[in-house]
Amino acid sequence: VWARELFGTAAACLAVLLWTMSPNVLANAALGTQDLAIAGFFLATVYCGWKFARTPSWKWAWITGLILGLAQITKYTAILLVPILVIQWFLLRVKNTEVKRDIPLKGILVRWGVLLLVSCFVLNAGYLFQGSFQPISAYQFQSSELKVLNQLPSLLQNIPLPLPRDYLLGFDLQRFIMQQSHPSFLDSEWTLTGFRSYYLYALMYKLPHGVQFLLFLALYQWFKQRNQSDLFLLRTLGMLLTPVVILIVIASLSNNQLGLRYILPVFPFLFLLIAPLAEQLDFEKKKAFSFAIIVAVLTFPFSLRFAPDHIAYFNELSGGPENGGMHLIDSNLDWGQDLYQLKDYLQQHKVDNLGLAYFGTVPPSTLGVPFRFPPEFHPEPGTYAISASLLQ
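Here the sequence shown stands for residues 50 to 441, where the numbers follow this note's numbering.
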């Protein structure tokens, strides 16, 4: 819908094709995690914020607040949507004569207040208002960001926080965990402090080459037109790049880097950046350019040849799934998703004394997989199954 409103029907079709044929999207669609859901809510919230910035009506203030609140319930990463919406507002409205400007500043501020209040109400309703409006003194925070609240003067400690208790404690615990040292793996190297280039390499290894080519081509086209007098292009580029840059930068500065799924919300915006290429097809004036786009699109199905093992997808130059473990592990490669296949293998080959080193959360015994833990040193002859993430 948004791609069609921004660029046209052909662009919308390309955006949908990119989304539905992305192995990373398909991989997370099969998992009971919040990662794909928050990607959808990021897109929906920024879209509603775009409508609100262009026409700051009560309707779009309420709708944006509703979607923002649902995003907050879904995953703590959604807290980043607040600054993203503010940046988007200024990008779309500063010196822009095409947006609605008949509302006074006071009315704008009231609408922003309604937006934030609605999102806060939805968040509290999602937690059934349990523990809402408890004073700061009722908490003992662990993370460096929220510990500051415990250091406020005693008078301010009585200020009630308009958020559910479990939401605040969960957010605080997650921030505390993310601040601790955690082993991260990239290209056969381990670190406890994270790799600043981790997610750039993850995109290089796990995006299909056709998508990578179209992304570079699209960025070239966007920046090629940056000197044109049409500010619509610059505003749109800034709006789409804002969530991408914020998410990747913050994730790259973290000590806890466990998978591409942490920046999955950037994917819809990358696909929207690529989408306008479909509107630029011209086999008379831009023959080579148009054929290059068509050829790249025709490569999309090749990334699906590893189905249903989409989690382990790595592109060809990174070595494919067989060699992906040399570059990235954990949720990029192996999350214990082959436990059912292991059970079938044991039944077919009548293995009853399995040494199992399993990287996953489901106890193998619940599936009827008989196993013993392999010894740490000098394993005896026998059959062993070792999760790929543990081989590093």
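Backbone N, C-alpha and C define an ideal beta-carbon position, used for all residues, glycine too.
How would you write the range of the alpha helix (DSSP H) that T291 sits in, first residue to last?
For T291, the enclosing alpha helix (DSSP H) stretches over residues L280 to S301.
Check whether G373 and S380 have beta carbons under 8 Å apart
It is not a contact, given that the beta carbons lie outside the stated cut-off.
Check whether the stretch 344-355 and the stretch 77-95 touch, using three or more Cβ-Cβ pairs below 8 Å as the test.
When Cβ pairs closer than 8 Å are counted between the two stretches, the stretch 344-355 is seen not to touch the stretch 77-95, the count staying below three.
Go ahead and pull the three-state DSSP assignment for A76.
It is helical.
Considering just the uninterrupted stretch of the alpha helix (DSSP H) at S193, what are its terminal residues?
Residue range S193 to N199 is occupied by the alpha helix (DSSP H) that includes S193.
Taking the alpha-carbon of L302 as reference, which of R53, S246, G287 and C62 has the nearest alpha-carbon?
Looking at the Cα atoms, S246 is the closest of the given residues.
8 Å Cβ cutoff met for L164 and A102:
Their beta carbons are not under 8 Å apart, which means L164 does not touch A102 by this criterion.
Determine, using beta-carbon pairs with one atom in the stretch 381-395 and one in the stretch 266-273, whether at least three such pairs fall under 8 Å.
Counting Cβ pairs under 8 Å, fewer than three are found: no touch.
Inter-stretch contact (C-beta, 8 Å, three-pair minimum) for the stretch 138-155 and the stretch 166-180:
Between the stretch 138-155 and the stretch 166-180 there are fewer than three C-beta pairs closer than 8 Å, too few to call the two in contact.
What does the alpha-carbon distance come out to for the pair I122 and G219?
Within the model, the alpha-carbon separation for I122 versus G219 is close to 11 Å.
Quick check: the Cα distance between S181 and I128, rounded to an integer number of angstroms?
Looking at the two C-alpha atoms, the distance is approximately 18 Å.
Use the C-beta contact count for N402: other C-beta atoms within 10 angstroms, 16 or more gives buried, fewer gives exposed.
Sixteen is the threshold: since fewer than 16 other Cβ atoms of the shown chains lie within 10 Å of the Cβ of N402, the residue is exposed.
Looking only at DSSP bridge pairs, what is I435 linked to?
A406, per the DSSP bridge assignment.
Report the option in W107, I116 and K155 whose CA atom is closest to the CA atom of A93.
The shortest C-alpha to C-alpha distance from A93 to any of W107, I116 and K155 is the one to I116.
If you run the structure through DSSP and keep just helix, strand and coil, what is W384?
In the three-state scheme derived from DSSP, where H, G and I count as helix and E and B as strand, W384 is classed as coil.
Do the stretch 356-366 and the stretch 281-290 make contact, defined as three or more Cβ pairs closer than 8 Å?
Because the criterion of three Cβ pairs below 8 Å is not met, the stretch 356-366 and the stretch 281-290 do not touch.
Do you know offhand how far R214's Cα is from A300's?
Between R214 and A300, the C-alpha separation is close to 26 Å.
For Q397, which beta-bridge partners are listed by DSSP?
Here Q397 is not bridged, per DSSP, to any residue.
Please list, in chain order, all residues of the same chain as G308 whose beta carbon is under 8 Å from its beta carbon, the five residues on each side excluded.
These residues qualify, in order along the chain: A251, L377, D379, S380 and N381.
For E333, which three-state DSSP category applies?
DSSP places E333 in coil when its eight states are reduced to three.
Please report the Cβ distance between L395 and V411, rounded to the nearest whole angstrom; I am assuming they are in contact, meaning their Cβ atoms lie under 8 Å.
The Cβ separation is near 16 Å, so there is no contact.
D84 beta carbon less than 8 Å from that of R224
Result no, Cβ atoms of R224 and D84 do not sit closer than 8 Å.
Assigned exposure category for F340 - 16 Cβ within 10 Å defines buried:
F340 comes out exposed.
Between F408 and L439, is the Cβ-Cβ spacing less than 8 Å?
Yes, the Cβ-Cβ distance between F408 and L439 is below 8 Å.
State yes or no: is the C-beta of L321 within less than 8 Å of the C-beta of A52?
Closer than 8 Å, so yes.
Assuming the contact rule is C-beta atoms closer than 8 Å, A434 and L405 should be a hit. Round their C-beta distance to whole Å, please.
So it is a contact: roughly 5 Å between Cβ atoms.
The stretch 59-75 / the stretch 317-337 touching (three or more Cβ pairs under 8 Å):
Contact between the stretch 59-75 and the stretch 317-337 is present: three or more C-beta pairs spanning the two stretches fall below 8 Å.
Could you tell me the alpha carbon to alpha carbon distance between P257 and W68, rounded to whole angstroms?
Their backbone Cα atoms lie some 12 Å apart in a straight line.
Hey, T82 and C97: beta-carbon distance below 8 Å or not?
No, these two residues do not count as a Cβ contact at 8 Å.
Under a Cβ-count criterion, where at least 16 other Cβ atoms within 10 Å of its own Cβ denotes burial, should Q386 be classed as buried or exposed?
By the 10 Å Cβ count, Q386 comes out buried.
Through-space distance from P413 to N199, alpha-carbon basis
Going by the C-alpha atoms only, they are around 43 Å apart.
For a test of the three-state rule: what should DSSP assign to T94, helix, strand or coil?
Looking at T94 - three-state DSSP - the assignment turns out to be helix.
Does S233 come out as helix, strand or coil in the three-state DSSP assignment?
Residue state, collapsed to three classes: strand.
Quick check on K255: buried or exposed, where buried means 16 or more other Cβ atoms within 10 Å of its Cβ?
So K255 ends up on the buried side.
Let me know the alpha helix (DSSP H) ranges lying completely inside the stretch 348-382, each 4 residues or longer, listed in chain order.
As far as the stretch 348-382 is concerned, its whole alpha helix (DSSP H) runs of at least 4 residues are 369-372.
Tell whether a beta-carbon distance below 8 Å holds between G89 and S168.
One thing to note: G89 has its Cβ no nearer than 8 Å to the Cβ of S168.
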